[in-house]
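My numbering numbers the first residue of the sequence shown as 8 and each following residue consecutively. The block underneath contains the structure these notes are about, expressed in C-alpha cells.
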Amino acid sequence: MKVQKYFLVFLSFSVITSCDLFKKNDTQPIEPTKEEPLASIPKFNPDNAYSYIEKQLSFGIRVPNTKSHDACAAYLIEFFKGVADTVYSQHYTAIAFDGTKLQSTNIIAAFNPNASKRIIYSAHWDSRPFADQDTVDQNKPIPAANDAGSGVAVLMEMANAIKSQPLSSLGVDLVLFDSEDYGQPATSKLPQVQNSYCLGSQYWAKSPHVPDYKAIFGINMDMVGASDAVFMREEISATNADWLSQYVWNTAARLGYSSLFIPQLAGAITDDHLYVIQGRKIPMIDVIHYTNDSGFGIHWHTHRDDMKWISKNTLEAVGRTMLQVLYDYDAKEEVN
Ligand SMILES: [Zn+2]
8 MKVQKYFLVF
18 LSFSVITSCD
28 LFKKNDTQPI
38 EPTKEEPLAS
48 IPKFNPDNAY
58 SYIEKQLSFG
68 IRVPNTKSHD
78 ACAAYLIEFF
88 KGVADTVYSQ
98 HYTAIAFDGT
108 KLQSTNIIAA
118 FNPNASKRII
128 YSAHWDSRPF
138 ADQDTVDQNK
148 PIPAANDAGS
158 GVAVLMEMAN
168 AIKSQPLSSL
178 GVDLVLFDSE
188 DYGQPATSKL
198 PQVQNSYCLG
208 SQYWAKSPHV
218 PDYKAIFGIN
228 MDMVGASDAV
238 FMREEISATN
248 ADWLSQYVWN
258 TAARLGYSSL
268 FIPQLAGAIT
278 DDHLYVIQGR
288 KIPMIDVIHY
298 TNDSGFGIHW
308 HTHRDDMKWI
318 SKNTLEAVGR
328 TMLQVLYDYD
338 AKEEVN
C-alpha cells in the first residue's frame, strides 16, 4: 500500500448511492451507541490466528514467481477448502513496475455462495520483495508477518468461526489478493509508474471470480496484527463509505477496542479497497495500521516485520470486530 500524495484526485470520486444502507457523509467522531443489541458471534481464537501467521512465514517469502509463494498458495487453498463452501483460485499474470511478469493467484473463499446479498472481507497474501524502508539489505524481501500475514490469518480464523456458526442469510467472500506489495520502491531509479501496487485487486476488479459480482460492502485488512497497532478512519474509506467506516469503528468501541480503533480521520492510502471501489462500485473501507504522525509504523517494509511484532490481542480485537459487523448485518437481514 502507498500513501496518496494527491488526495484531491479522490475528492472527485462519485459518491456511491446504490446501497440502501448509505448515509450522508458525517465525519463527526462517534460515540458508542447502545440502541441495538449486539448479535451473538462465534469464538475468534487468537491462538489460531497467531499460528496461521507462523505457518505462512514457515514457507518463506510469499513473493510471486518463487516456490515458497506457490507452496503457500497451495496451503491456503487447501485450508479454505476445508472450511468454506466454495473456493475459487484465479491465476493471472500481472506486470510489475519493472516489467517483471508476476505469476499470481487470487484466492476467494465463499460462504453461502448462492446468497444474493454478500459482504467481502479481504487482505493481500503476497509479501514484499524489497525492504526499501530499512537501512540495510533494501533489495532483499521482508518476512512480512504483519504485512500481510496478519490480515490473511484474521480471514482464516474468521472462516473457522463462520463455519462454526453458519450465517442465516448473508453470503460472505473472503478474498485474498495476490501481488499487492510488488509496488515500485521509493528507492527505484526507474520512471515513476502509476498504480504499481495492488495488482491483484486491480485484476479482480476487472475480472471478478463471479461475473457481474456485487456486494453490499467490503472491508479490507492490512497490517492488523502488530502490538503497537493503531487504526484510524482512512480518508478514501471515509469519502466513499463513511457510514461503513463509522459503523465499524463504532462496533469496535462497543466491544471495548476504542484504544485500537481511533475514530479520527487519517490520510488517504492506496490499498486494495480503492480498486474495488473504483472497479466494482462496492462501498469498501480499509482497516490499516496507520497514523498521520507515525505512518505505517517502524517495522513497515523492513526486515523487522517478523513474529516479534505480532500481538494476539490485536488479532483478536480485529477478528471479533469483523465478526460482530458481519453477524449484526446477518441478524438485520434475517429480520427484514
Ligand atoms: Zn506492504
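Each residue gets a CB set at the ideal place from its N, CA and C atoms; glycine is no exception. Owing to the predicted nature of the structure, the values given are computational and were not obtained by experimental measurement.
- request: Would you decide whether GLY158 is buried or exposed? Buried here means 16 or more other CB atoms lie within 10 Å of its CB.
  value: GLY158 comes out buried.
- prompt: Is PHE29 helix, strand or coil when you go by DSSP?
  reply: Model confidence at PHE29 stands at a pLDDT of 34, short of 50, so the residue's coordinates are unreliable and nothing is read from them.
- prompt: If we count the other Cβ atoms within 10 Å of its Cβ and call it buried at 16 or more, is GLY225 buried or exposed?
  reply: That one is buried.
task: Return the bridge partner residues of ARG125 from the DSSP annotation.
output: In DSSP, ARG125 forms a bridge with GLY178.
query: What are the partner residues of HIS296, as DSSP defines its beta bridges?
result: Residue pairing by DSSP places HIS296 opposite PHE238 in a beta bridge.
Residues near VAL90 by beta carbon distance below 7 Å, same chain, minus five either side: Close CB contacts of VAL90 within its chain, under the 7 Å cut and outside five residues either way in sequence, are with ALA166, ASN167 and LYS170 (chain order).
- prompt: Measuring CB to CB, does ALA152 end up less than 9 Å from ASP312?
  reply: Result yes, Cβ atoms of ALA152 and ASP312 sit closer than 9 Å.
- prompt: CA-CA distance, TYR82 and ILE223?
  reply: Per the coordinates, the alpha-carbon of TYR82 lies some 29 Å from the alpha-carbon of ILE223.
message: Taking 8 Å as the cut-off, is the beta-carbon of GLU241 closer than that to any non-hydrogen atom of ligand 1?
response: No; taking the cut-off as 8 Å, the Cβ of GLU241 has no heavy atom of ligand 1 nearer than that.
- prompt: Do you know whose CA, among LEU174, MET8, HIS280 and SER318, lies nearest ALA212's CA?
  reply: Residue nearest to ALA212 within the set LEU174, MET8, HIS280 and SER318 is HIS280 (criterion: CA-CA distance).
message: Which same chain residues end up closer than 7 Å to TYR282 when comparing Cβ atoms and leaving out the 5 residues on each side of it in sequence?
response: Excluding sequence neighbours, TYR282 sits near CYS205, SER208, GLN209 and ALA212.
task: Compute every distance between the C-beta of ASP188 and the non-hydrogen atoms of ligand 1, then say whether any falls below 8 Å.
output: Yes.
- prompt: Rounded to a whole number of angstroms, what is the C-alpha to C-alpha distance between ARG327 and GLU61?
  reply: In this model, ARG327 and GLU61 are separated by some 20 Å (Cα to Cα).
Alpha helix (DSSP H) segment containing ILE102, residue limits: Here ILE102 belongs to no alpha helix (DSSP H); instead the beta strand (DSSP E) covers 93-102.
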